[in-house]
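Heads up, the sequence shown stops at 589 in this note's numbering, and the numbers go up one at a time, no gaps. Before any comments, here is the structure.
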Amino acid sequence: MSESIAIATWEFGVPSVRRAGEILSAGGAAMDAVEKGINVAELDPEVPSVGFGGMPNAAGVMEMDAAVMDGRTHAVGSVAALKDCKMPISVARAVSEKCRHSMLVSNGARQFAETQGVTRENALSEKASEKYQRWLADGNAKPEFMHDTIGLLAMDSSGDIVAGCSTSGMAFKHPGRVGDSPLIGSGLYADNAAGAAATTGNGDEILKFCMSFLAVEFMRSGETAMAACRKVIERFIQMHPEKENEDINLIALSPKGDYGAATLRKKFPFGVWDDEGCRCETVTRH
Ligand code: SD4
304 MSESIAIATW EFGVPSVRRA GEILSAGGAA MDAVEKGINV AELDPEVPSV
354 GFGGMPNAAG VMEMDAAVMD GRTHAVGSVA ALKDCKMPIS VARAVSEKCR
404 HSMLVSNGAR QFAETQGVTR ENALSEKASE KYQRWLADGN AKPEFMHDTI
454 GLLAMDSSGD IVAGCSTSGM AFKHPGRVGD SPLIGSGLYA DNAAGAAATT
504 GNGDEILKFC MSFLAVEFMR SGETAMAACR KVIERFIQMH PEKENEDINL
554 IALSPKGDYG AATLRKKFPF GVWDDEGCRC ETVTRH
């Protein structure tokens, strides 16, 4: 198994783990690998759910959620409903390192970003704006399940494990709606002694079950990362068999370097970087 490793949700996570891998293979820290890796997806306007190019809320406003957790110190930084920002993961990291609080929302998060030199920038791409206008014209009053969070987990050569995630959230969500992603334990969790996990899918369901924390606790009690992810999905289905078609997906990384993923979809692709290179792998519904 690799010394250093990075895994990320979805196929669009591949360029992000590639970037993370460049940092890790040069001896860099997992925290840098996670932030810079996620920045790649945030700045790509073709990724329609993260950073610049993501989807706005029902009022046409971009509200971003992002968080980071350091598995060595358990420091966390989280931002929710952050406006006018293309790279919310960098603001989340700044919260974890330079703010006495753990989580900032909306205008307060924006104010803090400003103090870190992150001036207002338009995160609504032309393509996203056109989609929003079409959605409005359709008279569609509901949010859409057009959403995909990037969750990135990395372990560096000193064994430090970091989890991060970033999303514009569910497309056309209610203003002020916050999903699982910025909630520590739901959207992500990291502990050097037990591992890390991150989720993606319908955050309104995921946040009810603290799925990332649960996956990490399964690894703490001896499960592999793959088995831990499967057990989280199994737990959900046992509790709610009527929700077997929910969009719920997660990835996990153990301190031993094994990784895994599980899904309620037919297929869930995810990016991997390790000493065997950079690739997209897929898990199917278990
Ligand atoms: C949310 N879980 O805001 C996020 C969106 C997502 O795949 O991950 N979609 O609900």
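We put the CB at the ideal spot given by N, CA and C, even for glycine. These numbers were taken from a predicted model, which means no experiment stands behind them.
Are GLY498 and LEU556 touching if we call contact CB-CB under 8 Å?
-> Residue 498 sits at position 195 when you count from the first residue of the sequence shown. Residue 556 sits at position 253 when you count from the first residue of the sequence shown. Cβ distance < 8 Å, so GLY498 and LEU556 count as in contact.
May I ask you to check if the CB of ASN505 is nearer than 7 Å to at least one heavy atom of the ligand SD4?
-> Indexing the sequence shown from 1 puts residue 505 at position 202. Within the cutoff, so yes.
Return the Cβ separation of SER460 and SER307 in integer angstroms, given the expectation that the two are a contact with Cβ distance under 8 Å.
-> As a working note, residue 460 is residue 157 in the sequence shown. As a working note, residue 307 is residue 4 in the sequence shown. About 5 Å; that satisfies the 8 Å criterion.
Inter-residue spacing [alpha-carbon to alpha-carbon] between LEU567 and ASP368 | Walking along the sequence shown from the start, residue 567 turns up at place 264. Walking along the sequence shown from the start, residue 368 turns up at place 65. Between LEU567 and ASP368, the C-alpha separation is close to 23 Å.
Output the boundary residues of the beta strand (DSSP E) element that contains CYS532.
-> Numbered from its first residue, the sequence shown carries residue 532 at position 229. No beta strand (DSSP E) contains CYS532, which is instead part of the alpha helix (DSSP H) from 528-542.
What residue from ASP463, ALA440, SER469 and GLY442 has the CA that sits closest to VAL452's CA?
-> For the purposes of this step, residue 452 is taken as residue 149 along the sequence shown, with counting starting at 1. The question names Val, but residue 452 in the sequence shown is Thr. Residue SER469 is the option with its Cα nearest to THR452.
Mark MET406 as exposed unless 16 or more other C-beta atoms lie within 10 angstroms of its C-beta, in which case mark it buried.
-> Against the sequence shown, residue 406 aligns to sequence position 103. With 16 or more other Cβ atoms within 10 Å, it is buried.
Hey, could you find the ends of the alpha helix (DSSP H) PHE516 is sitting in?
-> The sequence position of residue 516 within the sequence shown is 213, counting from 1. 514-523 is the span of the alpha helix (DSSP H), which, as asked, contains PHE516.
Enumerate in chain order the residues of its own chain whose CB-to-CB distance from ARG396 is below 6 Å, with the five nearest sequence positions on each side excluded.
-> The residue you call residue 396 lines up with position 93 of the sequence shown. Answer for ARG396: GLU338, VAL371 and GLY380, listed in chain order.
Between the stretch 342-358 and the stretch 428-436, do three or more beta carbon pairs fall short of 8 Å?
-> yes
Confirm, please, whether the CB-CB distance from ILE310 to GLY574 is below 8 Å.
-> Translated into the one-based positions of the sequence shown, residue 574 becomes position 271. Translated into the one-based positions of the sequence shown, residue 310 becomes position 7. Against a cut-off of 8 Å, the Cβ pair of ILE310 and GLY574 comes out as a contact.
So GLU584 is in the beta strand (DSSP E); what residue range does that whole segment cover?
-> Looking up residue 584 in the sequence shown gives position 281. Counting along the chain, the beta strand (DSSP E) containing GLU584 begins and ends at 580-587.
Decide if LEU439 is buried, meaning its Cβ has at least 16 other Cβ atoms within 10 Å, or exposed.
-> What you label residue 439 is simply residue 136 of the sequence shown in a count that begins at 1. The residue is exposed, with fewer than 16 neighbouring Cβ atoms inside 10 Å.
Please name the residue, chosen from PHE415, VAL408 and SER409, that lies closest to CYS402 on a Cα-to-Cα basis.
-> Translated into the one-based positions of the sequence shown, residue 402 becomes position 99. Comparing Cα positions, the closest option is PHE415.
In terms of DSSP beta bridges, what is LEU385 paired with?
-> By one-based count along the sequence shown, residue 385 stands at place 82. LEU385 is bridged to MET367.
For the candidate residues LEU491, ARG375 and SER484, whose alpha-carbon lies nearest to that of CYS532?
-> Taking the first residue of the sequence shown as 1, we reach residue 532 at position 229. Selected option, being the one with the closest Cα: LEU491.
Identify whether PHE571 lies in helix, strand or coil by the three-state DSSP scheme.
-> Position 268 of the sequence shown, counted from the start, is the residue given in the question as residue 571. Strand.
Ignore the nearest five residues each way along the sequence and tell me which others in ALA466's own chain have a CB closer than 6 Å to its CB.
-> As a working mapping, residue 466 is identified with position 163 in the sequence shown. Cβ neighbours of ALA466 beyond the five flanking positions: MET372, LEU456, LEU491, ALA493, ALA499 and ALA501.
Might you give, ordered along the chain, the residues of its own chain that have their beta carbon closer than 7 Å to the beta carbon of ALA528, omitting 5 neighbours on each side?
-> Locating residue 528 in the sequence shown gives position 225, counting from the first residue. Result list for ALA528: GLY498, MET522, ALA555, LEU556, SER557, ASP561, TYR562 and GLY563, in chain order.
Please list, in chain order, all residues of the same chain as VAL408 whose beta carbon is under 6 Å from its beta carbon, the five residues on each side excluded.
-> For this step, residue 408 is matched to residue 105 along the sequence shown. Here the set comprises ALA383 and ALA384.
Status (buried if at least 16 other CB within 10 Å, exposed otherwise) for PRO478 = Counting from one through the sequence shown, the residue named residue 478 turns up at place 175. Result: exposed.
Say the cut is 7 Å; is the CB of MET334 nearer than that to a heavy atom of the ligand FAD?
-> Judged by which ligands are present, the ligand FAD is missing from the structure shown, whose ligands are the ligand SD4.
Counting along the chain, where does the alpha helix (DSSP H) carrying ASP507 start and finish?
-> Position 204 of the sequence shown, counted from the first residue, corresponds to residue 507. Taken as a continuous stretch (DSSP letters only), the alpha helix (DSSP H) holding ASP507 covers 506-509.
Terminal residues of the alpha helix (DSSP H) in which SER432 lies | The residue you call residue 432 lines up with position 129 of the sequence shown. Residues 429-440.
So the beta strand (DSSP E) ASN552 belongs to, where does it begin and stop?
-> By one-based count along the sequence shown, residue 552 stands at place 249. 551-556 is the span of the beta strand (DSSP E), which, as asked, contains ASN552.
Does the beta carbon of ILE536 fall short of 7 Å from some heavy atom of the ligand SD4?
-> Against the sequence shown, residue 536 aligns to sequence position 233. Result no, Cβ not under 7 Å from the ligand SD4.
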